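Protein chains in written order, with the working numbering: chain A, 16 to 410; chain B, 16 to 410.
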């Protein structure tokens, strides 16, 4: 028999499950404070739910197959298509703004690398039906509150925030030709992950004006104030005014929130997908991949379901988060052991122990006892190894 | 885009998820009182994990496929093989008796019938490392305690208990030839689901002695006392003595437990699998399929993993249970609504509302407010539709 799980899949022994349960508990606790309600969908879905959103290229990363009823199906690689389907099917009946969350296990067939799994659990938090930046502020405030609930501080994690439309207006103001925009985005996306020299060469090859190249190469340190000033006379002033309000709302929603937030136009997420404010949470040391990413995707519901509603959301996986918490000494959840271990002194019949166990269990306590007659020292040892918080000896 | 989930798969909208969460919460609450600790494994496993236990025939019921790494894989149709693999891999290190539970989602490609889904959630509760009937009693007491925690009584649900070895000894005592035993089991298994006349004809065809036929046809109403008397002089007296102890332990573990327990030798579960005491929980009206089934499977770990440890366990699915609870008016979990809705009186800036929301959320409350300026009556209406338990008006 196979003695191991499939590569990239985790067994959760009780001591690992307790860590997962802790992460889930904090997730649920905080998102519920923000009035999000839980939903779930099937882990197996029709394949076209994913190809319609992401194109056929996504198939290379999927666990997809043909089921016994000749249907093309796939294990869910992300939650948003299921979310869109479910919201779309009941869009009229749902209270707006709709605030939903879920904690699905997701599956991707990725080339195996260190730390890269083929499954993970991902908190998904979404708001549907509010186009204003108030909703964007609520969403990011919730993500940052989760970080805080885990004991992380702004010294550990920072949120990089951007706006896809402001970036576009800024590139226009730099006279970047429309035709080169996709190639420029690709360079921006890698700005912080490759040497500036390489980014510079790529931009030169696009024959951009030198001031534009200089501005793009410093995009990740360009302040909101600079961008605001640059766009002062352009039609994009409304966008920067809205973004300014957004920053003000974040400040109101997150006490002492300023150190958590960093304006960073180099944050480029899913091009075809996001339409407005986007953000990512990173550990400040840059040691790990993004902890969380999200933003506004106002066109997706219309494209996928025909229901035209503005929407925004984020995803936060359990794997990177757990790695970060572990390095910071913040993942300390351990098995709690039983409340009470019942010890039978010599000649106390097992039935009496059982009646006492039943009585205590009825009060909500977790109770264990030796399932066959043992000496008292042996029972005490068993109680200790079970992590019992108390022993009660029956005479 | 696919507008529906796959046939046999459920979407859990918040009002359905709240029911599922309620069932999970009761499951966890009770099994933890019995000192079981939670584990989980991958929903996708190597195919041979299942064929090794159940033979190749099981493949017709599986969601199986070849993954992109050329591995034969399957969505888990049951938890026990994963459980056996995990226990087997760490058998020496685990505290005995090992008490584990899990609440996996399971998948079977079944012909679609009314009420038959292709996925369900199943509570799995297992004990490893104790051969005595004390463990069997703990296990069934736990299952019955779960019924009670849902508000069900012995008028709603009854546990039918049997012992595979006692049944075998009883059939021997009736001079049923060894060669006909598998065919006789098949008849017994259907005894309560088909007319006696048909069962009778099938037994006649096996040319059993008439007293044996008469005894088998009334097996489901044969009392433990009758069986005990019949086997008095046989080597099976030890088995009936142990079973008698088992009933005594159940009586000690379950206050007023007698009405819940019905001795019923006609309970035949997985022939190749169970080795001792077996049980099923049924609704007393016979309206539904079994709510829960389990028993002792002392050979499985040795067969599958080479680790020879006695073991026993049960599975309890969420679907039949929820149907039963619903018909009894016991599935009443509803969305709880937010704790506080903040109402902004005229000219109160949104930032002030947000600061108040942050303050309240930091105390653990769930808080919502209108994300754009609205009249007070409109905000009150929104608060009501959100099920807010209180409104606070900021002046």
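Don't be surprised by glycine CBs; every beta carbon is placed ideally from N, CA and C. Nothing here was measured: the structure is a model prediction, and the numbers come from that model.
Hey, does residue i have any beta-carbon neighbour from chain A nearer than 8 Å?
{"i": "residue 311(B)", "result": "no"}
{"i": "residue 417(B)", "result": "Residue 417(B) cannot be examined here, being either before or after the span of chain B that is shown, 16 to 410."}
{"i": "residue 407(B)", "result": "no"}
{"i": "residue 361(B)", "result": "no"}
{"i": "residue 165(B)", "result": "no"}
{"i": "residue 270(B)", "result": "yes"}
{"i": "residue 53(B)", "result": "yes"}
{"i": "residue 253(B)", "result": "no"}
{"i": "residue 115(B)", "result": "yes"}
{"i": "residue 34(B)", "result": "no"}
{"i": "residue 209(B)", "result": "no"}
{"i": "residue 263(B)", "result": "yes"}
{"i": "residue 259(B)", "result": "no"}
{"i": "residue 100(B)", "result": "yes"}
{"i": "residue 289(B)", "result": "no"}
Compute the beta-carbon to beta-carbon distance between residue i and residue j, rounded to the nearest angstrom, for a pair I have assumed lies under 8 Å.
{"i": "residue 108(A)", "j": "residue 18(B)", "result": "So it is not a contact: roughly 15 Å between Cβ atoms."}
{"i": "residue 155(A)", "j": "residue 176(A)", "result": "7 Å"}
{"i": "residue 234(B)", "j": "residue 281(B)", "result": "5 Å"}
{"i": "residue 120(B)", "j": "residue 96(A)", "result": "About 19 Å separates the two Cβ atoms, so there is no contact after all."}
{"i": "residue 354(B)", "j": "residue 277(B)", "result": "Contact doesn't hold; Cβ gap of about 46 Å is too wide."}
{"i": "residue 78(A)", "j": "residue 24(A)", "result": "Contact doesn't hold; Cβ gap of about 11 Å is too wide."}
{"i": "residue 291(A)", "j": "residue 178(A)", "result": "6 Å"}
Quick one: is residue i near chain B, going by C-beta distance under 8 Å?
{"i": "residue 56(A)", "result": "yes"}
{"i": "residue 29(A)", "result": "yes"}
{"i": "residue 88(A)", "result": "yes"}
{"i": "residue 91(A)", "result": "no"}
{"i": "residue 24(A)", "result": "yes"}
{"i": "residue 61(A)", "result": "yes"}
{"i": "residue 366(A)", "result": "yes"}
{"i": "residue 249(A)", "result": "no"}
{"i": "residue 353(A)", "result": "yes"}
{"i": "residue 200(A)", "result": "no"}
{"i": "residue 120(A)", "result": "yes"}
{"i": "residue 404(A)", "result": "no"}
Residue range of the alpha helix (DSSP H) that residue i falls in?
{"i": "residue 317(A)", "result": "315-320"}
{"i": "residue 203(A)", "result": "196-204"}
{"i": "residue 175(B)", "result": "Per DSSP, residue 175(B) belongs to no alpha helix (DSSP H); it is in the beta strand (DSSP E), 172-178."}
{"i": "residue 109(B)", "result": "Per DSSP, residue 109(B) belongs to no alpha helix (DSSP H) and is neither H nor E."}
{"i": "residue 212(B)", "result": "211-220"}
{"i": "residue 266(B)", "result": "252-268"}
{"i": "residue 242(B)", "result": "239-245"}
{"i": "residue 371(B)", "result": "365-376"}
{"i": "residue 276(A)", "result": "Residue 276(A) -> not in any alpha helix (DSSP H); beta strand (DSSP E) instead, spanning 276-278."}
Between which two residues does the beta strand (DSSP E) carrying residue i extend?
{"i": "residue 94(A)", "result": "It is not in any beta strand (DSSP E) - residue 94(A) carries neither H nor E in the DSSP assignment."}
{"i": "residue 30(A)", "result": "Run containing residue 30(A): none in the beta strand (DSSP E); it sits in the alpha helix (DSSP H), 29-48."}
{"i": "residue 302(A)", "result": "Looking at the DSSP string, residue 302(A) is not in any beta strand (DSSP E), and its letter there is neither H nor E."}
{"i": "residue 117(B)", "result": "113-117"}
{"i": "residue 326(A)", "result": "326-332"}
{"i": "residue 382(A)", "result": "382-384"}
{"i": "residue 25(B)", "result": "Per DSSP, residue 25(B) belongs to no beta strand (DSSP E) and is neither H nor E."}
{"i": "residue 404(B)", "result": "Taken as a continuous stretch (DSSP letters only), residue 404(B) belongs to no beta strand (DSSP E), as it is neither H nor E."}
{"i": "residue 51(B)", "result": "Taken as a continuous stretch (DSSP letters only), residue 51(B) belongs to no beta strand (DSSP E), as it is neither H nor E."}
{"i": "residue 359(A)", "result": "355-359"}
{"i": "residue 81(A)", "result": "79-81"}
{"i": "residue 141(A)", "result": "134-143"}
{"i": "residue 73(B)", "result": "Taken as a continuous stretch (DSSP letters only), residue 73(B) belongs to no beta strand (DSSP E), as it is neither H nor E."}
- Message: Whether or not the stretch 342-361 of chain B and the stretch 378-393 of chain B are in contact is what I'm after, with contact meaning three or more pairs of Cβ atoms, one per stretch, closer than 8 Å; do they touch?
- Response: Between the stretch 378-393 of chain B and the stretch 342-361 of chain B there are three or more C-beta pairs closer than 8 Å, enough to call the two in contact.
Residues of the stretch 122-153 of chain A with a CB closer than 8 Å to any CB of chain B: list them in chain order, please.
Here the close residues are 122, 124, 134, 145, 147, 149, 150, 152, 153.
### Task
Flag this pair as touching only if the stretch 24-40 of chain A and the stretch 141-150 of chain A have three or more C-beta atom pairs under 8 Å; answer yes or no.
Segments in contact, no.
ask   = For the stretch 65-83 of chain A, which residues have a beta carbon sitting closer than 7 Å to at least one beta carbon of chain B?
value = Correct list: 67, 78, 80, 82, 83.
*Where the stretch 377-395 of chain B meets chain A: residues whose CB sits under 8 Å from a CB there*: Listed by position, the residues of the stretch 377-395 of chain B near chain A (Cβ gap below 8 Å) are 377, 379, 380, 381, 382, 383, 386, 387.
query = Looking at chain B, which residues of the stretch 297-325 of chain A have a Cβ within less than 8 Å of any of its Cβ atoms?
reply = Look at the stretch 297-325 of chain A: the residues with a C-beta under 8 Å from a C-beta of chain B are 319, 320.
inquiry  = Along the stretch 169-193 of chain A, where does the CB come closer than 7 Å to a CB of chain B? Name the residues.
reply    = For the stretch 169-193 of chain A, which is checked against every Cβ of chain B, not one residue is closer than 7 Å.
Is it true that the stretch 221-235 of chain A meets the stretch 326-333 of chain B, where meeting means three or more beta-carbon pairs spaced less than 8 Å apart? No: the two stretches stay apart, fewer than three of their Cβ pairs being nearer than 8 Å.
Does the contact criterion of 3 or more C-beta pairs under 8 Å hold for the stretch 253-271 of chain B versus the stretch 185-199 of chain B? Contact fails between the stretch 253-271 of chain B and the stretch 185-199 of chain B, because fewer than three Cβ pairs, one in each stretch, are under 8 Å apart.
*Which residues, taken in chain order from the stretch 337-351 of chain B, show a beta carbon closer than 7 Å to some beta carbon of chain A?*
Of all residues in the stretch 337-351 of chain B, 350 have a Cβ within less than 7 Å of some Cβ in chain A.
Give a yes or no on contact between the stretch 69-77 of chain B and the stretch 368-381 of chain A, applying the rule of three or more CB pairs nearer than 8 Å. No contact exists between the stretch 69-77 of chain B and the stretch 368-381 of chain A.
So does the stretch 63-71 of chain A actually touch the stretch 84-97 of chain A, counting three or more Cβ pairs closer than 8 Å?
With a cut-off of 8 Å, the stretch 84-97 of chain A and the stretch 63-71 of chain A count as touching, because enough Cβ pairs lie within range.
Do the stretch 249-256 of chain A and the stretch 216-225 of chain A make contact, defined as three or more Cβ pairs closer than 8 Å? Not touching, per the Cβ criterion.
Across the stretch 310-324 of chain A and the stretch 130-137 of chain A, are there enough close Cβ pairs to call them in contact, namely three or more that are closer than 8 Å? Segments in contact, no.
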